[in-house]
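A.B. asks: Letter by letter, the sequence shown follows residues 5 to 438 in my numbering. Pasting a structure below so you can have a look.
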Amino acid sequence: MITVVGLNYKSAPIDIREKHAFNEHETFKALQLLKSSFPDAEFVLLATCNRVELYCVTAYSGQIAPESLANFLAEFHKVPLENFEHFLYIHKNEHAVRHLLTVASSLDSMVVGEGQIIGQVKESYHQACKAESTGKVLNRLFHCAFSAAKKIYTNTSIANGRISVAGVAVKLASQLFADITSAKVVVIGAGEMGELFVQHLRHVKCRDITIVNRSYDRALNIAKRYEIAAKKWEELERLLGEANIAIASAAVQDYFFNKESLKNIISSRRDSSLLILDIAVPRNFEPSVNEIEGVYLYSIDELSQAAEENRKAREDDIVKAMQIIGENVTDFMAWVSARDIGPLIGQMRKQFAKISQRELDSFFVGTRADASCRNVMEPMVRRIVNRLLHCVIKNVNTVAKEEGPLEAARLAQSIIQHAQEMSSQTGGDQEQEQ
Numbered sequence: 005m006i007t008v009v010g011l012n013y014k015s016a017p018i019d020i021r022e023k024h025a026f027n028e029h030e031t032f033k034a035l036q037l038l039k040s041s042f043p044d045a046e047f048v049l050l051a052t053c054n055r056v057e058l059y060c061v062t063a064y065s066g067q068i069a070p071e072s073l074a075n076f077l078a079e080f081h082k083v084p085l086e087n088f089e090h091f092l093y094i095h096k097n098e099h100a101v102r103h104l105l106t107v108a109s110s111l112d113s114m115v116v117g118e119g120q121i122i123g124q125v126k127e128s129y130h131q132a133c134k135a136e137s138t139g140k141v142l143n144r145l146f147h148c149a150f151s152a153a154k155k156i157y158t159n160t161s162i163a164n165g166r167i168s169v170a171g172v173a174v175k176l177a178s179q180l181f182a183d184i185t186s187a188k189v190v191v192i193g194a195g196e197m198g199e200l201f202v203q204h205l206r207h208v209k210c211r212d213i214t215i216v217n218r219s220y221d222r223a224l225n226i227a228k229r230y231e232i233a234a235k236k237w238e239e240l241e242r243l244l245g246e247a248n249i250a251i252a253s254a255a256v257q258d259y260f261f262n263k264e265s266l267k268n269i270i271s272s273r274r275d276s277s278l279l280i281l282d283i284a285v286p287r288n289f290e291p292s293v294n295e296i297e298g299v300y301l302y303s304i305d306e307l308s309q310a311a312e313e314n315r316k317a318r319e320d321d322i323v324k325a326m327q328i329i330g331e332n333v334t335d336f337m338a339w340v341s342a343r344d345i346g347p348l349i350g351q352m353r354k355q356f357a358k359i360s361q362r363e364l365d366s367f368f369v370g371t372r373a374d375a376s377c378r379n380v381m382e383p384m385v386r387r388i389v390n391r392l393l394h395c396v397i398k399n400v401n402t403v404a405k406e407e408g409p410l411e412a413a414r415l416a417q418s419i420i421q422h423a424q425e426m427s428s429q430t431g432g433d434q435e436q437e438q
């Protein structure tokens, strides 16, 4: 059983998602806790600014209810389940596989075609490998997702252009600010997203960019590469007091600025207008700062309109991409079915062979023990049994495709049970007939 339980930007608002954000250390800890609680299961935890998804694989005989996974998320972050359970989505088996491939290929991203998600999916998988929480099924599934994403990026133009959440945010800033080339911009955070912001700002010819980070060396490294300014963390308040635009993507557990603290910082500004693009999850700025006169705050969820324009422009590529995903889902589910049902097919073959052999042994007794036709009849009976078995296996595979591996496994187990009963009765019945 493959299950995914999650929250994303489409199902839950940011004030819910940020309560369930996982940093790298928390992700590793969560995976270890899950594996210790369910040692026979497999887990991968995908956590980005737009989603938190827990992937789980179990044997059908030891299923973990989705409610148990949801409870784990609730307990880990100490958030009552009733506060967010109606925002959760649950996908199983083929639907779970299709969901991951769609996510990895950026088709489920706020900005379709953005290149960051595949790196985030790979990092989540590597974290699971490091925590030893993954296994054969999730290993194959995630590599299938990487392969599908590569095919889509290679065979469509879905990722053409400067596409990312950072790109959409800078585009929005360009629309809201009369002349972004002359704007004073402060970029808060020197991680991957912070660097993307710098790239997009340079692309639109923004000349006055300053990057600030807790680790000054990291900010300085980006500043040198893009020929912008870097300042130490202690100067952030002064810089905000002078900026026209602030773009935030720093990893934090609580707000850097609330309404009162920001109001004090900008109280002496000559130009009171300040555009803040807070792309972090959890957020860097308290939502109430938007109530300050002259301050315009946009969170990641408020980029959706610009992102929707991007999606419409890529509709043809999305259709092609979904076809590639469909092919990969079919191949993967065929592998899952063969993996789950394969041992049961082997048991069926064994039981059918046992029935045919016992029938032959029961027939060739007494005066027929040395009958010359035995050499002809034995291979003929086995051929007939194998052809009948082939029809049975074909029906089991059809059930697996149409109703899923669980139903196919139940059918196969039922056939095996009946075959065992027949093989145990055959000899005695024949002896009575003699």
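C-beta atoms are modelled at their ideal positions from N, C-alpha and C, and glycine is treated no differently.
Specify, as a first and last residue, the run of the beta strand (DSSP E) that F47 falls within.
C.D. replies: For the purposes of this step, residue 47 is identified with residue 43 of the sequence shown, where counting begins at 1. Where F47 is concerned, the enclosing beta strand (DSSP E) stretches over E46 to A51.
A.B. asks: Are the C-beta of V380 and some C-beta of chain D separated by less than 9 Å?
C.D. replies: The chain labelled as chain D is not found in the depicted structure, where only one protein chain is given.
A.B. asks: In chain order, what residues of the same chain lie with their CB nearer than 7 Å to the CB of A250, ignoring the 5 residues before and after it?
C.D. replies: Here residue 250 corresponds to residue number 246 of the sequence shown, with the count starting at 1. The answer, listed in chain order, is V190, I192, L244, L278 and I280.
A.B. asks: Just the C-alpha distance for D326 and E28, rounded to the nearest angstrom, thanks.
C.D. replies: The residue labelled residue 326 in the question sits at position 322 within the sequence shown. The residue labelled residue 28 in the question sits at position 24 within the sequence shown. Checking the sequence shown, residue 326 turns out to be Met, not Asp. Cα to Cα, M326 sits roughly 31 Å from E28.
A.B. asks: What does the Cβ neighbour count give for E46, buried or exposed, with the cut at 16 atoms within 10 Å?
C.D. replies: To locate residue 46, count along the sequence shown from 1; it is residue 42. Classification of E46: buried, given that the 10 Å Cβ count is 16 or more.
A.B. asks: Considering only the beta carbon of each residue, do V256 and N97 sit closer than 9 Å?
C.D. replies: Mapped onto the sequence shown, residue 256 falls at position 252. Mapped onto the sequence shown, residue 97 falls at position 93. No, the pair does not count as a contact, with Cβ atoms beyond the cut-off.
A.B. asks: Measuring alpha carbon to alpha carbon, tell me which of S110, S128 and Y129 ends up nearest Q120.
C.D. replies: Taking the sequence shown and counting its residues from 1, the one referred to as residue 120 is at position 116. Of the listed residues, the one whose Cα sits closest to Q120 is S110.
A.B. asks: Opposite Y129 in the DSSP bridges: which residues?
C.D. replies: As a working mapping, residue 129 is identified with position 125 in the sequence shown. Under the DSSP definition of a beta bridge, Y129 lacks any partner.
A.B. asks: Based on the DSSP output, what are the partners of L278 in its beta bridges?
C.D. replies: For the purposes of this step, residue 278 is taken as residue 274 along the sequence shown, with counting starting at 1. Paired residues: V299.
A.B. asks: Who are the Cβ neighbours of Q436 in its own chain at under 7 Å, not counting the five residues just before and after it?
C.D. replies: Residue numbering aside, residue 436 sits at position 432 when the sequence shown is read from its first letter. Unreliable positioning characterises Q436 in this predicted model, as indicated by a pLDDT of 43, which lies under 50. A coordinate reading is not provided.
A.B. asks: Is A163 near G198, with beta carbons less than 9 Å apart?
C.D. replies: Numbered from 1 along the sequence shown, position 159 holds the residue referred to as residue 163. Numbered from 1 along the sequence shown, position 194 holds the residue referred to as residue 198. No.
A.B. asks: Is the beta carbon of L49 closer than 9 Å to that of A74?
C.D. replies: The count along the sequence shown starts at 1 and reaches residue 74 at position 70. The count along the sequence shown starts at 1 and reaches residue 49 at position 45. The Cβ atoms of A74 and L49 do not sit closer than 9 Å to each other.
A.B. asks: D112: which of E238, D374 and G10 sits nearest, CA to CA?
C.D. replies: In the sequence shown, residue 112 corresponds to position 108, counting from 1. Nearest option by C-alpha distance: G10.
A.B. asks: How is T7 classed by DSSP in three states: helix, strand or coil?
C.D. replies: Your numbering for residue 7 matches position 3 in the sequence shown. DSSP places T7 in strand when its eight states are reduced to three.
A.B. asks: Classify N262 as helix, strand or coil using the three-state DSSP reduction.
C.D. replies: One-based indexing of the sequence shown puts residue 262 at position 258. Coil, per DSSP.
A.B. asks: Over what stretch of residues does the beta strand (DSSP E) that includes N217 continue unbroken?
C.D. replies: Numbered from its first residue, the sequence shown carries residue 217 at position 213. Looking at the DSSP string, the run of the beta strand (DSSP E) that includes N217 is D212 to N217.
A.B. asks: In the DSSP assignment, the beta strand (DSSP E) including V191 goes from what residue to what residue?
C.D. replies: For this step, residue 191 is matched to residue 187 along the sequence shown. Unbroken beta strand (DSSP E) run through V191: K188 to I192.
A.B. asks: With DSSP as the reference, please indicate the residues paired to A233 in a beta bridge.
C.D. replies: Taking the sequence shown and counting its residues from 1, the one referred to as residue 233 is at position 229. According to DSSP, A233 bridges with T214.
A.B. asks: Between V400 and I388, is the Cβ-Cβ spacing less than 9 Å?
C.D. replies: Position 396 of the sequence shown, counting from 1, holds the residue named residue 400. Position 384 of the sequence shown, counting from 1, holds the residue named residue 388. Note that the C-beta distance between V400 and I388 is not below 9 Å.
A.B. asks: Which value, in whole angstroms, describes the spacing of the CA atoms of A254 and I304?
C.D. replies: One-based indexing of the sequence shown puts residue 254 at position 250. One-based indexing of the sequence shown puts residue 304 at position 300. Using only the alpha carbons, I get a separation of about 13 Å.
A.B. asks: Just tell me which of V333, S219 and D183 has its CA closest to the CA of D212.
C.D. replies: Counting from one through the sequence shown, the residue named residue 212 turns up at place 208. Comparing Cα positions, the closest option is D183.
A.B. asks: Beta strand (DSSP E) containing R55: first to last residue?
C.D. replies: Sequence index remark: in the sequence shown, residue 55 carries index 51 (1-based). Looking at the DSSP string, the run of the beta strand (DSSP E) that includes R55 is R55 to V61.
A.B. asks: Three Cβ pairs or more, each shorter than 8 Å: is that satisfied between the segment 361-371 and the segment 168-179?
C.D. replies: Judged by Cβ distances under 8 Å, the segment 361-371 makes no contact with the segment 168-179, as fewer than three pairs qualify.
A.B. asks: Quick check on this structure: which residue in I20, A16, E79 and K188 has the alpha carbon closest to the alpha carbon of A34?
C.D. replies: Taking the first residue of the sequence shown as 1, we reach residue 34 at position 30. Among I20, A16, E79 and K188, the Cα nearest to that of A34 belongs to E79.
A.B. asks: Using the three-state DSSP reduction, which class does A163 fall into: helix, strand or coil?
C.D. replies: The count along the sequence shown starts at 1 and reaches residue 163 at position 159. Looking at A163 - three-state DSSP - the assignment turns out to be coil, as it is neither helix nor strand.
A.B. asks: Could you tell me the distance, in whole angstroms, from the CA atom of I296 to the CA atom of E71?
C.D. replies: The residue you call residue 296 lines up with position 292 of the sequence shown. The residue you call residue 71 lines up with position 67 of the sequence shown. Roughly 42 Å between the two C-alpha positions.
A.B. asks: Could you say which of A194, V169, L104 and A177 lies nearest to S151 if we only look at CA atoms?
C.D. replies: Position 147 of the sequence shown, counted from the start, is the residue given in the question as residue 151. Comparing Cα-Cα distances from S151 to each of A194, V169, L104 and A177, the minimum goes to L104.
A.B. asks: Does the segment 262-270 come close enough to the segment 224-239 that 3 or more CB-CB pairs lie under 8 Å?
C.D. replies: no
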